[in-house]
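Enquirer: With this note's numbering, letter number 225 in the sequence shown gets 401, and the count goes up by one each step, no holes.
Built from N, CA and C at the ideal position, the CB exists for glycine as well.
Source: prediction; values computed, not measured.
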Amino acid sequence: PQTIYLSDYKAPAFLVDQVDLCFELFEDGARVHSTLSMRQNPESGSGAPLELHGDSLKLEFLALNGTPLLAGAYQDEGDKLVIPEVPAEFELAVVTWIEPQNNTRLEGLYKSSGMFCTQCEAEGFRCITYYPDRPDVMARFRTRVEADKSAYPVLLSNGNPVEQGDLDNGRHFVTWEDPFPKPAYLFALVAGDLLEKRDTFSTCSGRNIELRMYVEPRNSEKCEYAMDALKRSMRWDEEVYGREYDLDIFMIVAVDDFNMGAMENKGLNIFNSSCVLASQDTATDAAFQRIEAIVAHEYFHNWSGNRVTCRDWFQLSLKEGFTVFRDSQFSADMGSPTVKRIEDVTLLRTAQFAEDAGPMAHPIRPASYMEITNFYTLTIYEKGAEVVRMIHNLLGEELFRKGSDLYFERHDGQAVTTDDFVRAMEDASGRDLSQFRLWYEQAGTPVVAVTDDYDESRGVYRLTIRQSIPNTPGQTDKKPQHIPFAIGLLNSAGDPLPLNLNAEERNGPLERVLELTETEHSVEFHGLPERPVPSLLRDFSAPVRVQYPWTREQLLFLMSHDPDGFNRWDAGQRLAVDVIQSLLGAPDDAAVEPRLVEAYRHLLNDIELDQALVAKMLLLPSEAYLVELSDQADVPAIHDAREQVMKHLAHALRDELVACYQRNLDQGDYQLSSEAIARRSLRNIALAWLLHIDDEQALALAGEQFDNADNMTDRLGALRALVNSGFEHERNQALAAFYQRFSEDPQVVELWFSVQASSDRAGQLPQIQQLLQHPAFDWKNPNKVRSVVGAFAGQNLAAFHSPDGSGYQFLAEQVCRLDDSNPQIAARLVSPLTRWKKFAPHYCEQMKAALERIRDKSELSRDVYEVVHKSLA
Ligand code: BAL
Ligand code: ZN
């Protein structure tokens, strides 16, 4: 496959002003009539041939200005249609025949549970018709959809409906018009027998917007939460960013078969069912929160992505990083900012740092790619959001808002670059962000190493801070980056100290953001009668790894005294990591740090501290995070050490855990408040720990909770605890009962699969093989694949990294199998193998062999080719 370089970017030779589409939908295929009003781009030279992208299309007709083009007047080059000579302005008519019913890649137009739907980002529109399928070609779309009226009563596309009527043979049509020029990746079409839920939203300027959700009738009771979340998002975007919705209708459709989580098509967002449908009985608290965040994310794209879009796919983080930052601010405002920050950083440090240290590492604005769908990554999204967050923090709330207003105003209706975004921030604030731009160009997670010394005679405490950025594929000798590094100092009583930068200063602030710009930076704090304890990188002010020789004493101290909630949690995580790492390879009866036990005891008894934070602090660092922190990871050893600590804590704190469980039992109706979520979280953590040590009383509590729960968080919490216990009989009973109860609900069945596949007790390889044979498993449904194969390889680390290599071979087999039907999902599944160099030699060799096995498959897709070849390079 060809590599595409940012440095080769050229403006499009031709522009499209208007697209008129007509879709004739049938059971055996679809005919797509397209009429493009095109002209030469005045910004590029004349004389270039017209090149249109195409993928898996059957061309039925082609005409230029009304004259049919015969073979010889154009070249069909497989992925391109080339017409050597065209006038400066012209109309091109194209008719293609496609087969949505056989489209298993789920790119372009396809069928899911009997309905037609589309996914065009990044390059799916070319699977529908020949078109200049690049985001800097923006056109007005008018779309007529024709289909059988009884099978497909609902016919949707972008914009507003302008015409509809009946046709012969029981067919009907609806025509939609979108007044906003858009790139083809934002095109959408849906046709199906769908239930419509309606609501309205009155915008800040008093316009009434019709809100509509379309779902399969069986999901009728699962729409309310997403609809409310949509209204909250619309209001928030007005209040916080001054962004008002622009069309008269906003639609959301839920589909079961979907590669991504959701898609922000203009006025017609399409969602993976699992990211939008929810009810108390079927969705966990985490699912509700995820739905709120994704509904908001897709809605926010209407401005950050649709009104202002990307010039090319190298700029993907322009819309994704900014929109993730916006949805994360929104979620923080809707719940607990500290808990949201902990969740975001956990994902970043566990998975994005791993990506940034692996063979697929890339800057948030990559310089090259083979297959763009491989670049919908944690780096583009999550690190991209961290980079925007740093700009926000450097500028402050007010200037950041001024910058975003200027960005939207300056670039409304344009396709632009990340540099345009940064320039708007600079112009609005007067700040120079030239060095900051390196965050967009350099891959890899900066390491910030901190040392300190205290001069008792002068009362001066000095921090010396060195930054370095590791080499990544194709990038060495990196320049120092502009890192905002928030710090505070505490005295031995736990009070925050003023940060005086010289002997004259008296009442310095209690927190400072140091702006690191050089490789080495030194800063002195004056007027300190004793050696302080540093609180570093508060609220995780930059996406970096901090190294500092913390003692366990200091970590315990920060855990209970740091006024920064994030750093309190982080101190607990660092302490637990240190304790677990010290037990790697130790005998089963090796002593576990007693101060860790006491710290957890204190947490369990602390009813003053925000209980949502307590729930987060009680979670031990995950195996995946411990692997990420290792050099030559021996996963079974990591698993054993973590288990040893967990079991020790559970035994030592048994009575406190039972008390915590009892104290947090709900009285009254199910609620989704932060407080109620924290209570459920605490009691389910207590249950999980107790069942981990096969506590009989907890077994009874879990049984009762499982049978009587009035919500999915508690029912699944009990099921998960039973599945991860040694009570085999009860585990099997609960799994069978759960399946029987929910077998008709695909989303809950996905949970049922993933609870087993991610458990080292219920998800050993033979059991995984059985799950693949289960009648509810479906290779064509990405959610099912993710809930079994993805959960096994990504979450059940001890089983996946079985010393005999069987887990790796299994994954290689499934990747090869999927590559023929859905290469995008296949390429994502390869991910756990890509970091093979990070594991102990015995594992790393076998992982490499599994990658080679995939590499040697015949007719490998471009998606999988890129990941595998870069991993083996
Ligand atoms: N644009 C792809 C889905 C999303 O990030 O919203
Ligand atoms: Zn997005």
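In chain order, what are the residue ranges of uninterrupted alpha helix (DSSP H) at least 4 long that sit wholly in the region 921-960?
Expert: Listed in chain order, the complete alpha helix (DSSP H) runs (minimum 4 residues) inside the region 921-960 are 922-933 and 941-949.
Enquirer: Give me the DSSP bridge partner(s) of residue 211.
Expert: Residue mapping note: residue 211 aligns to position 35 of the sequence shown, counting from 1. Per DSSP, 196 and 269.
Enquirer: Please state if the CB of residue 812 and the CB of residue 975 are separated by a distance shorter than 7 Å.
Expert: As a first step, residue 975 is located in the sequence shown; it is residue number 799 there, counting from the start. As a first step, residue 812 is located in the sequence shown; it is residue number 636 there, counting from the start. For residue 975 and residue 812, no; Cβs fall outside 7 Å.
Enquirer: Measuring alpha carbon to alpha carbon, tell me which residue in 323, 679 and 334 is nearest residue 343.
Expert: If you number the sequence shown from 1, residue 343 lands on position 167. When only C-alpha atoms are compared, the closest one is 323.
Enquirer: Going by other Cβ atoms of all chains shown within 10 Å of its Cβ, with 16 needed for buried, is residue 677 buried or exposed?
Expert: Taking the first residue of the sequence shown as position 1, residue 677 is located at position 501. Exposed.
Enquirer: So residue 460 and residue 398 are in contact, right, with Cβ under 8 Å, and what is the actual spacing, rounded?
Expert: Taking the first residue of the sequence shown as position 1, residue 460 is located at position 284. Taking the first residue of the sequence shown as position 1, residue 398 is located at position 222. Not quite, the Cβ-Cβ distance comes to about 13 Å (not below 8 Å), so this is no contact.
Enquirer: Is any beta-carbon of chain C found at less than 7 Å from that of residue 632?
Expert: In the structure shown, chain C does not exist; there is a single protein chain.
Enquirer: From residue 834 to residue 814, what distance separates their C-alpha atoms?
Expert: The sequence position of residue 834 within the sequence shown is 658, counting from 1. The sequence position of residue 814 within the sequence shown is 638, counting from 1. Their Cα atoms are separated by approximately 27 Å.
Enquirer: Is the number of C-beta pairs between the region 1029-1037 and the region 975-992 that are closer than 8 Å three or more?
Expert: Because the criterion of three Cβ pairs below 8 Å is met, the region 1029-1037 and the region 975-992 touch.
Enquirer: Are at least three pairs of beta-carbons, each pair with one atom in the region 405-420 and one in the region 376-392, less than 8 Å apart?
Expert: Contact between the region 405-420 and the region 376-392 is present, because at least three Cβ pairs lie under 8 Å.
Enquirer: Ordered along the chain, which non-local residues of its own chain (more than five positions away) have a Cβ less than 6 Å from that of residue 704?
Expert: Here the question's residue 704 lines up with position 528 in the sequence shown. So the list reads 635 and 637, once near-sequence residues are dropped.
Enquirer: Decide if residue 917 is buried, meaning its Cβ has at least 16 other Cβ atoms within 10 Å, or exposed.
Expert: For this step, residue 917 is matched to residue 741 along the sequence shown. Burial call: exposed.
Enquirer: Using 7 Å as the threshold, is the C-beta distance between residue 887 and residue 846 below it?
Expert: Within the sequence shown, the letter at position 711 stands for residue 887. Within the sequence shown, the letter at position 670 stands for residue 846. Their beta carbons are under 7 Å apart, which means residue 887 touches residue 846 by this criterion.
Enquirer: Just the Cα atoms here: how many angstroms apart are residue 689 and residue 339?
Expert: Working through the sequence shown from its first residue, we reach residue 689 at position 513. Working through the sequence shown from its first residue, we reach residue 339 at position 163. If you take the alpha carbons of residue 689 and residue 339, they lie about 58 Å apart.
Enquirer: Would you kindly check if the distance between the Cβ of residue 366 and the Cβ of residue 429 is under 7 Å?
Expert: Position 253 of the sequence shown, counting from 1, holds the residue named residue 429. Position 190 of the sequence shown, counting from 1, holds the residue named residue 366. In contact: residue 429 and residue 366 (Cβ atoms closer than 7 Å).
Enquirer: If I follow the unbroken alpha helix (DSSP H) through residue 499, where does it start and stop?
Expert: Taking the sequence shown and counting its residues from 1, one reaches residue 499 at position 323. Taken as a continuous stretch (DSSP letters only), the alpha helix (DSSP H) holding residue 499 covers 492-510.
Enquirer: With DSSP run on the structure shown, which of helix, strand or coil describes residue 465?
Expert: For the purposes of this step, residue 465 is taken as residue 289 along the sequence shown, with counting starting at 1. In the structure shown, residue 465 sits in a helix (DSSP, three-state: H, G or I).
Enquirer: In the DSSP assignment, what residue or residues form a beta bridge with residue 389?
Expert: In the sequence shown, the residue the question calls residue 389 occupies position 213. Note: residue 389 sits in a beta bridge opposite 373 and 428.
Enquirer: Once you ignore the five residues that flank residue 1018 on each side, which residues in its own chain have a CB closer than 7 Å to its CB?
Expert: For the purposes of this step, residue 1018 is identified with residue 842 of the sequence shown, where counting begins at 1. Excluding sequence neighbours, residue 1018 sits near 979.
Enquirer: Return the chain-ordered list of same chain residues with a C-beta closer than 7 Å to the C-beta of residue 493, the five sequence neighbours on each side being excluded.
Expert: Position 317 of the sequence shown, counted from the first residue, corresponds to residue 493. Result list for residue 493: 540, 541, 556, 560 and 594, in chain order.
Enquirer: Check whether the Cβ atoms of residue 952 and residue 925 lie closer than 7 Å to each other.
Expert: Your numbering for residue 952 matches position 776 in the sequence shown. Your numbering for residue 925 matches position 749 in the sequence shown. A contact, by the Cβ cut-off of 7 Å.
Enquirer: Have a look at the DSSP bridge pairing and note the partners of residue 834.
Expert: Reading the sequence shown from its first residue, position 658 is the one you call residue 834. Paired residue(s): none; residue 834 is not in a bridge.
Enquirer: Mapping the DSSP letters down to three states, classify residue 357 as helix, strand or coil.
Expert: For the purposes of this step, residue 357 is taken as the residue at position 181 of the sequence shown. Note: residue 357 maps to strand in three-state DSSP.
Enquirer: Does the Cβ-Cβ distance between residue 735 and residue 775 come in under 7 Å?
Expert: Here residue 735 is taken as the residue at index 559 of the sequence shown, counted from 1. Here residue 775 is taken as the residue at index 599 of the sequence shown, counted from 1. Yes; because the gap between Cβ atoms is below 7 Å, this pair is in contact.
Enquirer: Touch check for the region 307-317 and the region 480-494: three-plus C-beta pairs under 8 Å?
Expert: The answer is yes - the region 480-494 touches the region 307-317, with three or more Cβ pairs under 8 Å.
Enquirer: Quick check: does the Cβ of residue 549 come within less than 6 Å of any heavy atom belonging to ligand 2?
Expert: Position 373 of the sequence shown, counted from the start, is the residue given in the question as residue 549. No - ligand 2 has no heavy atom lying nearer than 6 Å to the Cβ of residue 549.
Enquirer: Here's the rule I'm using: 16 or more other beta-carbon atoms within 10 Å means buried, otherwise exposed. How should residue 519 be labelled?
Expert: If you number the sequence shown from 1, residue 519 lands on position 343. Flag for residue 519 reads buried.
Enquirer: Going by alpha carbons, who is nearest to residue 741 out of 716, 436 and 1026?
Expert: Counted from its first residue, the sequence shown places residue 741 at position 565. It is 716.
Enquirer: What is the DSSP secondary structure of residue 304, counted as helix, strand or coil?
Expert: Walking along the sequence shown from the start, residue 304 turns up at place 128. Correct three-state label for residue 304: coil.
Enquirer: If I follow the unbroken beta strand (DSSP E) through residue 341, where does it start and stop?
Expert: Walking along the sequence shown from the start, residue 341 turns up at place 165. Element bounds for residue 341: 336-342.
Enquirer: Out of curiosity, what's the CA-to-CA distance linking residue 602 and residue 661?
Expert: Within the sequence shown, numbered from 1, the residue matching residue 602 stands at position 426. Within the sequence shown, numbered from 1, the residue matching residue 661 stands at position 485. Straight-line Cα distance between these residues: approximately 20 Å.
Enquirer: Would you mind stating whether residue 959 and residue 450 have Cβ atoms separated by less than 7 Å?
Expert: Taking the first residue of the sequence shown as position 1, residue 959 is located at position 783. Taking the first residue of the sequence shown as position 1, residue 450 is located at position 274. Cβ distance < 7 Å, so residue 959 and residue 450 count as in contact.
Enquirer: Tell me the residue span of the alpha helix (DSSP H) that contains residue 985.
Expert: Here residue 985 corresponds to residue number 809 of the sequence shown, with the count starting at 1. Its alpha helix (DSSP H) spans residues 982-995.
Enquirer: Could you tell me the distance, in whole angstroms, from the CA atom of residue 722 to the CA atom of residue 713?
Expert: On the sequence shown, position 546 is the one that residue 722 refers to. On the sequence shown, position 537 is the one that residue 713 refers to. The straight-line gap from Cα to Cα measures roughly 8 Å.
Enquirer: Should the region 227-242 be called in touch with the region 265-278, which here means at least 3 C-beta pairs below 8 Å?
Expert: Judged by Cβ distances under 8 Å, the region 227-242 makes contact with the region 265-278, as three or more pairs qualify.
Enquirer: So, are the CB atoms of residue 257 and residue 230 less than 7 Å apart?
Expert: The count along the sequence shown starts at 1 and reaches residue 257 at position 81. The count along the sequence shown starts at 1 and reaches residue 230 at position 54. Yes; because the gap between Cβ atoms is below 7 Å, this pair is in contact.
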